[in-house]
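Engineer:
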Amino acid sequence: MTTTNEYQASTATGRIANFVDSRVGASGMVKEFGRKIFPDHWSFMFGEVAMYTFVLLLLSGTFLTFFFDPSMAHVVYDGSYVPMKGIGMSTAMASTMDISFDVRGGLFMRQVHHWSALLFVASLSVHMLRVFFTGAFRRPRELNWVVGGVLLIMGLAAGFTGYSLPDDLLSGNGLRIIDGVMKALPIVGTYLSMFFFGGEFPGDTVIPRLYSLHIMIVPAVIILLIVVHLFMVVTHKHTQYPGPGRTNDNVVGFPVGPVYAAKAGGFFFIVFGIVAFIAGLFQINPVWNYGPYDPSPVSAGTQPDWYIGFVDGALRLMPGYLGNFSFEWIIPFPWGDNTLVMSVLLPALVPAGALFAVMFAWPWIERWITKDNREHHLLDRPRNAPFRTAVGAAGVVFYCVMWAAASSDLIATHFHVSLNDVTYWLRTLFFLGPIFAFWLTRRICLSLQRKDREIVLHGREAGIIQMSPEGGFSEKHEEVDVYKRYLLTNYVDRQYIPAQPDAAGHVSGSEKRRAAISKFFFEDRVAPVTPSELEAAHAAHGHHEVEGDTQDSIAK
């Protein structure tokens, strides 16, 4: 008979931990995860900010649910804010006023919640841009990129559903736009609107329905997506920036425990402190200034939260007529005529749909163009992928033009210019802005690459002027160290790949299109410095000879 000596902890905490571990086996998971290495770079913090602000959203939102009543029943306000006493409003609006003026700490928690929502979407957006510009979406992380895109959409959904809950004038105008987009759909539009609002707009059930989405369904989906995202990060290992000693087969950084966990915990409290500081000093969404929603007047100067503004801006840019061409089409059906309002449907659905469609499909688009199906764990410097960086810049300008158009009326009034002129300029930028941004960004990236070649071959400018024996003046150049040289030379040289025939020797139309796009992207390129070029440059400048015959030897 064999016996085993079970570990006996000497402290109460140790005995509890041992009890749990012996029944669920947590120590193995903690040990494995605690040894996981994560690289250290400031740009990786944006994902952490998104996660920490989401935690703040959950905490502040839980507090607000204790006092918010999502009913649309009509009441007469009798709270502490004297200017609105006796005004009729919904129960949702009245409870929002009570949270702001009668619940201790209520206004502060409202503002923490609202600022956290803005920072959550902002940090998530910047995190996605960082992933895009550095190429972190490439194999094997394509699905994680899709998960991040869905997470961004759910962040927008969470923001819009929460933004609409107070039932004030500002949120009501946003719901009016949603109602208009729904009713622009042929055949089913009216039925969708009646179902969503519980009758003719504004109805009497939309706030409770949005409340259910906002506090249960959308947060649950976001939490699930965050878990899936983090699971994939751990499974695939974290990407890292190139540098000496960093390869596709290793990760240079700190283990989760204790170094990274301690830093992450401290960073969470920094984020919390900044959000609390902003919420305590800077007012946002003062519903008492807007008053309760009244569908009869149309107010000017209303602005949605920044992340929803691009849809509102696209609607403002869309004309109802182009010359004599109308975007309102009458479509006959056996049961009568239906109106298809393209001036609403096109701007409301097409720009956002195109933006997200290209974003989701980009990993496969780039793989198709480059024929690169390798695993990538080292990130690109944006300048070393001019085509991708230019496409990203074009997308950012495309979004920003629509976002700016959401404030076209305020731009006109603040700068004392014609609203029509602002609209015409923004319409022009809507089409020409992304093209110009693509061209300019691509040229800047290529110029930076040429500058990198110049630094590697001839050294950096030391700021020292030398006079030759002949009386000529020149600036002294200092050779860069091996670490800097490695960063400037160690990148993939993307080249134009001509159309390739298939096994039968036939070049398909799809392959010809791929080759044309590849030529457009890569024909104008800057190749990294080769060892022979570096050796020739050193010989010309009287430096030591460089050994090796491969590019990797440049860093030696």
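Here our numbering is used: the sequence shown runs in plain steps of one and ends on residue 941.
Glycine included, every Cβ here is placed at the ideal spot set by N, Cα and C.
1) Per DSSP, Leu725 forms a beta bridge with which residues?
2) Round the Cβ separation of Phe423 and His623 to the nearest angstrom and send it over; I've been treating them as touching at under 8 Å.
3) Within the chosen definition, does the segment 504–511 reach the segment 709–723 through at least 3 CB pairs nearer than 8 Å?
4) With DSSP as the reference, label Ala402 as helix, strand or coil.
5) Do you know offhand how far Val461's Cα is from Gln496's?
6) Is DSSP giving Lys622 helix, strand or coil here?
7) Between Pro689 and Pro587, is the Cβ-Cβ spacing less than 8 Å?
8) Over what stretch of residues does the beta strand (DSSP E) that includes Ile600 continue unbroken?
9) For the alpha helix (DSSP H) holding Arg845, just list the boundary residues, first then last.
10) Identify which residue in Gly856, Val865, Ser556 and Pro854 has its Cα closest to the Cα of Glu846.
11) Would you call the CB atoms of Trp788 and Gly694 closer than 8 Å?
12) Taking its Cβ as the centre, do 16 or more other Cβ atoms sit within 10 Å of Ile401, making it buried, or is it exposed?
13) Val460 by DSSP, collapsed to three states: which one?
14) Please decide whether Phe718 counts as near chain B, where near means a Cβ-Cβ distance under 8 Å.
15) Give the DSSP bridge partners of Ile422, in chain order.
16) What's the call for His801, buried or exposed, on a 16-neighbour Cβ count within 10 Å?
17) Contact between the segment 769–778 and the segment 830–839 is defined here as three or more beta-carbon pairs at a separation below 8 Å; is this criterion met?
18) Which first and last residues belong to the alpha helix (DSSP H) in which Glu896 is found?
19) Does DSSP put Gly490 in a helix, in a strand, or in coil?
20) Going by C-alpha to C-alpha distance, which of Ile607, Ser475 and Met703 sits closest to Ser456?
21) Is it true that the CB of Asn875 sits closer than 8 Å to the CB of Arg524?
22) Which whole-angstrom value is the C-beta distance of Val511 and Phe431, which I expect to be below 8 Å?
23) To the nearest angstrom, report how far apart Gly547 and Ala477 are at their CA atoms.
24) Give me the Cα-Cα distance between Gly559 and Asn674, rounded to the nearest whole angstrom.
25) Evaluate Met601 with the Cβ neighbour count: other Cβ atoms within 10 Å of its Cβ, from every protein chain shown; 16 or more gives buried, anything less gives exposed.
26) Would you identify the three-state DSSP class for Asp553, choosing helix, strand or coil?
27) Taking only the alpha-carbon atoms, compute the straight-line gap between Gly410 and Cys785 and give it to the nearest angstrom.
28) Buried or exposed, going by whether 16 or more other CB atoms sit within 10 Å of the CB of Ile850?
29) Measuring only the C-alpha atoms, how far is Ala521 from Arg910?
30) If we call anything under 8 Å between Cβ atoms a contact, is Pro732 one with Ala699?
31) Does Ser793 come out as helix, strand or coil in the three-state DSSP assignment?
32) To the nearest angstrom, report how far apart Asp483 and Ile796 are at their CA atoms.
33) Would you mind working out which of Glu417, Arg752 and Leu763 sits nearest Ser903, comparing C-alpha positions?
34) CB-CB under 7 Å to Leu725, same chain, minus the five flanking residues each way: which ones, in chain order?
35) Using the C-alpha atoms, what's the distance from Leu509 back to His929?
36) State the CB to CB distance for the pair Asp837 and Thr519, rounded to an integer number of angstroms; the pair is presumed to be in contact (CB under 8 Å).
Structural biologist: Concretely, from the data shown:
1) Trp714
2) 5 Å
3) no
4) helix
5) 25 Å
6) coil
7) no
8) That residue, Ile600, is in no beta strand (DSSP E); it is neither H nor E in DSSP.
9) Not the alpha helix (DSSP H): Arg845 falls in the beta strand (DSSP E), residues Arg845 to Met852.
10) Nearest of Gly856, Val865, Ser556 and Pro854 to Glu846, Cα basis: Val865.
11) Less than 8 Å separates the beta-carbon of Trp788 from that of Gly694.
12) exposed
13) strand
14) Protein chains in the displayed structure number just one, and chain B is not present.
15) Pro640
16) exposed
17) yes
18) Gly894 to Phe907
19) For Gly490, the secondary structure class from DSSP, reduced to helix, strand or coil, is coil.
20) Among Ile607, Ser475 and Met703, the Cα nearest to that of Ser456 is on Ser475.
21) No.
22) 5 Å
23) Their Cα atoms are separated by approximately 12 Å.
24) 17 Å
25) exposed
26) strand
27) 50 Å
28) The residue is exposed, with fewer than 16 neighbouring Cβ atoms inside 10 Å.
29) 22 Å
30) yes
31) helix
32) 34 Å
33) Arg752
34) Pro571, Trp714 and Ile716
35) Any reading at His929 must be qualified, since the residue scores a pLDDT of 48, below 50, and its modelled position is unreliable; the value itself is stated next. Roughly 48 Å between the two C-alpha positions.
36) About 17 Å separates the CB atoms of Asp837 and Thr519; that is not less than 8 Å, and the two are not in contact.
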